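Chemist: End of the sequence shown sits at 890 in this note's numbering; the numbers just go up one at a time, nothing left out.
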Amino acid sequence: MAAAAAAAAALWRPQEVGLQEICGILEQHISPAADQARVWQQLQQYNQFPDFNNYLAFILAHAEGKSVEIRQAAGLLLKNNLRAAFNSLSPAYQQYIKSELLPCLGAADKTIRSTVGTVISVVVQLGRVQSWPELLQALVHCLDSNDLNHMEGAMDALYKICEDIPEELDVDVPGLPERPINVFMPRLLQFFHSPHAVLRKLSLGSINQFIVMMPTGLLASMEQYLQGLFHLAHDPSADVRKLVCAALVQLIEVRPSFLEQQLRNVIEFILQANKDPDDEVSLEACEFWSAYCDGSLPPDGLREFLPRLIPVLLSNMAYADDDESLVDAEEDESFPDRDQDLKPRFHSSRFHGSENGEDDDEDIINVWNLRKCSAAALDVIANVFGDEILPSLMPLIQSNLANTSDTTWKEREAAVLAIGAIAEGCFDGLRPHLSEIVAFLIPLLDDKFPLIRSITCWTLSRYSKFIVKGIGSQEGHERFDKVLMGLLRRILDSNKRVQEASCSAFATLEEEAAEELAPRLEIILQHLLCAYGKYQRRNLRIVYDAIGTLADAVGAELNQPKYLDILMPPLIAKWQQLSNSDKDLFPLLECFTSIAQALGPGFSQFAEPVFQRCINIIQAQQLAKVDPAAAGVQYDKEFIVCSLDLLSGLAEGLGGGIESLVAQSNLRDLLLQCCMDDAADIRQSALALLGDLARVCPVHLNPRLPDFLHVAAKQLNPSAVKDAVSVANNACWAIGELAIKVRREVSPVVLTVSSCLIPILKNAEGLNKSLLENSAITLGRLSWACPELLAPHMEHFMQPWCTALSMIRDDYEKEDAFRGLCAMVNINPSGAMSSLAYMCKAIASWHEIRSEDLHNEVCLVLNGYKQMLGSGQWEQFLLTLEPSVLQRLSRYQDFERK
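(1) Taking the alpha-carbon positions, what's the residue 7 to residue 43 distance?
(2) Going residue by residue through the stretch 244 to 310, where are the continuous alpha helix (DSSP H) segments of at least 4 residues, counting only ones entirely within it?
(3) Checking 8 Å against the spacing of the C-beta atoms, do residue 238 and residue 200 come in under that value?
(4) Can you tell me the Cα-Cα spacing of residue 855 and residue 861, whole angstroms?
(5) If I follow the unbroken alpha helix (DSSP H) through residue 804, where does it start and stop?
(6) Short of 8 Å in beta carbon distance, which residues of its chain neighbour residue 540, apart from the five on each side in sequence? Order them along the chain.
(7) Should residue 723 and residue 708 be called a contact, given that it needs their Cβ atoms to be closer than 8 Å?
(8) With three or more C-beta pairs closer than 8 Å as the rule, is the stretch 461 to 476 touching the stretch 498 to 511?
(9) Relative to the alpha-carbon of residue 671, which residue among 710, 631 and 641 has its alpha-carbon at the smallest distance?
(10) Please name the residue in 597, 154 and 281 whose C-alpha comes closest to that of residue 195.
(11) Between residue 188 and the rest of its own chain, which residues show a CB-CB distance below 7 Å, the 5 nearest in sequence each way excluded?
(12) With DSSP as the reference, label residue 572 as helix, strand or coil.
(13) Taking 8 Å as the cut-off, does the stretch 276 to 290 touch the stretch 442 to 450 (at least 3 CB pairs, one atom from each stretch)?
(14) Which residue from 261, 815, 820 and 826 puts its Cα closest to that of residue 846?
(15) Can you give me the Cβ contacts of residue 259 inside the same chain, cut-off strictly under 6 Å, excluding the 5 residues immediately before and after it?
(16) Could you tell me which whole alpha helix (DSSP H) segments of length 4 or greater appear in the stretch 581 to 639?
(17) Jot down the residue ranges of each uninterrupted alpha helix (DSSP H) in the stretch 390 to 459, minimum 4 residues, whole runs only, in chain order.
(18) Using the three-state DSSP reduction, which class does residue 11 fall into: helix, strand or coil?
(19) Out of 12, 51 and 483, point me to the one whose CA is closest to residue 523's CA.
(20) Under 8 Å between the Cβ atoms of residue 783 and residue 738?
(21) Go through the stretch 58 to 120 residue by residue and report every complete run of the alpha helix (DSSP H) that reaches 4 residues or more, in order.
(22) Does the beta-carbon distance from residue 162 to residue 207 come in below 8 Å?
(23) Is residue 778 helix, strand or coil when you go by DSSP?
(24) Consider the Cβ of residue 845: report whether some Cβ of chain D lies at a distance smaller than 8 Å.
(25) Among 76, 127, 134 and 121, which residue has its Cα nearest to the Cα of residue 98?
(26) If you follow the alpha helix (DSSP H) that residue 785 is part of, which residue opens it and which one closes it?
(27) Three-state secondary structure (DSSP) at residue 685?
(28) Tell me the DSSP secondary structure of residue 41 in three-state form.
(29) Here's a check: name, in chain order, each residue in its chain whose Cβ is nearer than 8 Å to the Cβ of residue 421, leaving out the five neighbours to either side.
(30) Below 8 Å between beta carbons: does that hold for residue 409 and residue 369?
(31) In three-state terms, what does DSSP make of residue 527?
(32) Taking 8 Å as the cut-off, decide whether the C-beta atoms of residue 105 and residue 145 are in contact.
(33) Apart from the five residues on each side of it in sequence, which residues of its chain come closer than 8 Å, Cβ to Cβ, to residue 351?
(34) I think residue 834 touches residue 794, with their Cβ atoms under 8 Å apart; what is that distance to the nearest whole Å?
(35) So, for residue 545: in the same chain, excluding its five sequence neighbours on each side, which residues have a beta-carbon less than 8 Å away from its beta-carbon?
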């Protein structure tokens, strides 16, 4: 077969006319002045010809008379075409393309060599290395040739294969005595000593791709590889030094034991590399410190170097002269936002449970650089070594801050950043000085340099806990007010960067202060709504977040006419101004969600138009999915997700007050459609809304109840749980909410759902904590609704179920689950006998059962087992329990609450 393909490939020749036509269209393809849509259309037509890719390979390899740009364009187009359709090409054409690529490995032009390497890597990805033995021979031949073009071309192709599919080189290839990686490894290590920087760089870059996989070929050569790294540590090429640092960072992360013997030398080298004049080398070196602290090596190895490391980190935390933030910082609010300023935003779908991940603090402009990496390293080191670093760090910070000349503002800014970076790790050591530190920072909110004002906002927010906890004392109360008013002042700053930093910092302070904000609500709202009137689009999003966070923090306190008169008119004006397809609606929808939850029934005066608009947006988007022209908008699932979440917020806020709105709408049918959507985040939010509606107006779900139950149950089968755990979590919660409202009507899905929940409880390790809790609660609620269906199967799930119940905090959901437990035990007491110790541990996990009925039911259950066992056996059983469990069970010993 292969011989036939090779023979057929040898017969193919391009037609001159076709060749010139394709070169002509490629020339237009690379011309900025050409009509690219028409060119693209023509290329798509050429794609219909089965030998079009042969022409592209021929042009790449042989079109000597054409410009390098045309040949490169042919190669890149070939790469994209092969990625889409290589395996559907005839074997003869596959063979032809391969045969044209190999001789170009040593092409005179570097661009052609590089393009050929890229195409070769794609062919290996799709066709596997076993089906192209000639490639391995050609690469070895070129690497051994001593001709720089051939060596570099082969190394470039090999590097790209190692980068894209390193595992392909660590397989047995028929006809080869050893794996490709074992053939190449000695040659790559030899190139560490090449006089040509490009070969040193590509060989080291290739081996680095195998550190995580660690094939036998690298393991066997580890000593030589490490010696090679130390040999290259002071290479004249910055690219090579950067790769040495990258290798050491990877090794310390995944194979630290290899570095243990040389650890002092490694740290010494990285310390020097962290001061490298090339920023990329020093950035790569700086990654080492966080990797070391997060890894498994003992901290002692780093401790003695801290006095030398800390000054390097602080020095590197100062803004570099070419940092783009310096340019951005010049922009005041009169500069219009550019499109690139408006970063894509991602709405997190509603999640019911205890584990909804919050975003970590992040700096304002999300470009990773030496400054941020150094600050992150200082943060991690502070968390590992704590107050030990303060003697090395604090004198430097004080020295930087004491120098108040305009020329040293960057050093002062870095000192403020450092105070923020160590807030968590060094809190205990800083505690005696925090009053002074905060007092020192407050005036910096008014510094003449905008980047000092913005970093001061962030640093103060890192000490929010301390600032809020001190409110009880006169001094602490004054400090809190000064910080609060300082941040509010900065929210109205004319500099965009400061606006952003102050709003984010204020949102952090709001979360910490919560109800302490209530007496200051009026002035806070005035500032936030003043900012709302003057901010441009990008920073407007952060004001929405600050308003939403404020609503979450103060709750029903917001529900007063004097506050609503400040808050609502501007938001409603914007709500009316934005079209249903404007993405600026997203943060406004999120903001309204928080406000609706905070105001509760007080939101009813605004509810009808908000509810109706959410319905309209969902309908328009569902139509846009199938017919954008008829809908008049482009489909974007985030509109549906945000609208569903706002409806959930309305249900939570208005409670039963939402019933009349639901009754007059087609929400039920829209919701069912959303529960079945392909997009996981739409299903997640839809199922959250299903649970919220089940709580407040289940009667309106009744006509489609079997469908809702069936769709929710489907999200709990094992493959669905694996694919979308957050969807499964909400489905599980919604079924539980429905069960306690519709009771026996849930019976058709009880066994199906329980058969999905039991494996979740049995395989709890590593699973999402909320899914485990909701599974345990929903199983209990189903047992309460239909105990006779589950009681016969109790012995199969009592142990893992009781274990999960014992981990849940006291609340009404846990009460529901225990009602189910008691109901099943009443029907089938012997079913729980073998798990009695687990059940006692679950009962003992309560701090207090507040419901008298349930307390008495639990007493009756325990009394029942005492009678079943007889007093002798019961006493013996009690001796097997842990003392803490026994002590808590004693509350139920009288089996009636006194």
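A virtual CB, placed ideally from N, CA and C, is assigned to each residue, including glycine.
Because the structure is a prediction, the values reported are computed rather than measured.
Modeler: Reading from the atomic positions:
(1) Position 15 of the sequence shown, counting from 1, holds the residue named residue 7. Position 51 of the sequence shown, counting from 1, holds the residue named residue 43. Straight-line Cα distance between these residues: approximately 11 Å.
(2) 255 to 265, 271 to 286, 292 to 295 and 298 to 308
(3) Counting from one through the sequence shown, the residue named residue 238 turns up at place 246. Counting from one through the sequence shown, the residue named residue 200 turns up at place 208. Yes; because the gap between Cβ atoms is below 8 Å, this pair is in contact.
(4) Along the sequence shown, read from residue 1 onward, the residue named residue 855 stands at position 863. Along the sequence shown, read from residue 1 onward, the residue named residue 861 stands at position 869. For residue 855 and residue 861, the distance between alpha carbons rounds to 10 Å.
(5) Here residue 804 refers to the residue found at position 812 of the sequence shown. Unbroken alpha helix (DSSP H) run through residue 804: 804 to 819.
(6) Reading the sequence shown from its first residue, position 548 is the one you call residue 540. Same-chain partners within the cutoff: 582, 583, 585, 586 and 587.
(7) In the sequence shown, residue 723 corresponds to position 731, counting from 1. In the sequence shown, residue 708 corresponds to position 716, counting from 1. Yes. Within cutoff.
(8) Note that the stretch 498 to 511 touches the stretch 461 to 476; at least 3 beta-carbon pairs, one per stretch, sit closer than 8 Å.
(9) Locating residue 671 in the sequence shown gives position 679, where the first residue counts as 1. Here the closest residue by C-alpha is 631.
(10) For the purposes of this step, residue 195 is identified with residue 203 of the sequence shown, where counting begins at 1. Ranking the options by Cα distance to residue 195, first place goes to 154.
(11) For the purposes of this step, residue 188 is identified with residue 196 of the sequence shown, where counting begins at 1. In the same chain as residue 188, and ignoring 5 residues on each side of it, the C-beta atoms closer than 7 Å to its own belong to 140, in chain order.
(12) As a first step, residue 572 must be located in the sequence shown, where it is residue number 580. Three-state DSSP puts residue 572 in coil, outside helix and strand.
(13) no
(14) Position 854 of the sequence shown, counted from the first residue, corresponds to residue 846. For residue 846, the nearest C-alpha among the options comes from 815.
(15) On the sequence shown, position 267 is the one that residue 259 refers to. Excluding sequence neighbours, residue 259 sits near 297.
(16) Those alpha helix (DSSP H) runs which fall completely within the stretch 581 to 639 and span 4+ residues are 596 to 618 and 620 to 623.
(17) For the stretch 390 to 459, whole alpha helix (DSSP H) runs of length 4 or above, ordered along the chain, are 401 to 413, 419 to 422, 426 to 436 and 442 to 454.
(18) Start at 1 with the first residue of the sequence shown, and residue 11 comes out as number 19. In this structure, residue 11 counts as helix in the three-state DSSP scheme.
(19) In the sequence shown, residue 523 corresponds to position 531, counting from 1. Cα-wise, what sits closest to residue 523 is 483.
(20) Numbered from 1 along the sequence shown, position 791 holds the residue referred to as residue 783. Numbered from 1 along the sequence shown, position 746 holds the residue referred to as residue 738. No, these two residues do not count as a Cβ contact at 8 Å.
(21) Contiguous alpha helix (DSSP H) elements confined to the stretch 58 to 120 occur at 60 to 77, 83 to 93 and 102 to 119, taking only those with 4 or more residues.
(22) On the sequence shown, residue 162 is found 170 positions in, with the first residue counted as 1. On the sequence shown, residue 207 is found 215 positions in, with the first residue counted as 1. Cβ atoms of residue 162 and residue 207: closer than 8 Å.
(23) Position 786 of the sequence shown holds residue 778. If DSSP states are grouped into helix, strand and coil, residue 778 belongs with coil.
(24) Of the protein chains in the structure, only one exists, and it is not chain D.
(25) Position 106 of the sequence shown holds residue 98. Among 76, 127, 134 and 121, the Cα nearest to that of residue 98 belongs to 134.
(26) In the sequence shown, the residue the question calls residue 785 occupies position 793. Residue 785 -> no alpha helix (DSSP H), and no H or E assigned at all.
(27) As a working mapping, residue 685 is identified with position 693 in the sequence shown. Note: residue 685 maps to helix in three-state DSSP.
(28) On the sequence shown, residue 41 is found 49 positions in, with the first residue counted as 1. Coil at residue 41, not helix or strand.
(29) Translated into positions along the sequence shown, residue 421 becomes position 429. Hits under 8 Å: 378, 379 and 382.
(30) Working through the sequence shown from its first residue, we reach residue 409 at position 417. Working through the sequence shown from its first residue, we reach residue 369 at position 377. Result no, Cβ atoms of residue 409 and residue 369 do not sit closer than 8 Å.
(31) Indexing the sequence shown from 1 puts residue 527 at position 535. In the structure shown, residue 527 sits in coil (DSSP, three-state: anything other than H, G, I, E or B).
(32) The count along the sequence shown starts at 1 and reaches residue 105 at position 113. The count along the sequence shown starts at 1 and reaches residue 145 at position 153. Yes. Within cutoff.
(33) For the purposes of this step, residue 351 is taken as residue 359 along the sequence shown, with counting starting at 1. Note that residue 351 has pLDDT 39, beneath the 50 cutoff, so the model's placement of it is unreliable and no number is given.
(34) Position 842 of the sequence shown, counted from the first residue, corresponds to residue 834. Position 802 of the sequence shown, counted from the first residue, corresponds to residue 794. That belief holds up - the Cβ atoms of residue 834 and residue 794 are roughly 4 Å apart, short of 8 Å.
(35) Along the sequence shown, read from residue 1 onward, the residue named residue 545 stands at position 553. Once the five neighbours on either side are set aside, the close Cβ partners of residue 545 are 502, 503, 505, 506, 507 and 509.
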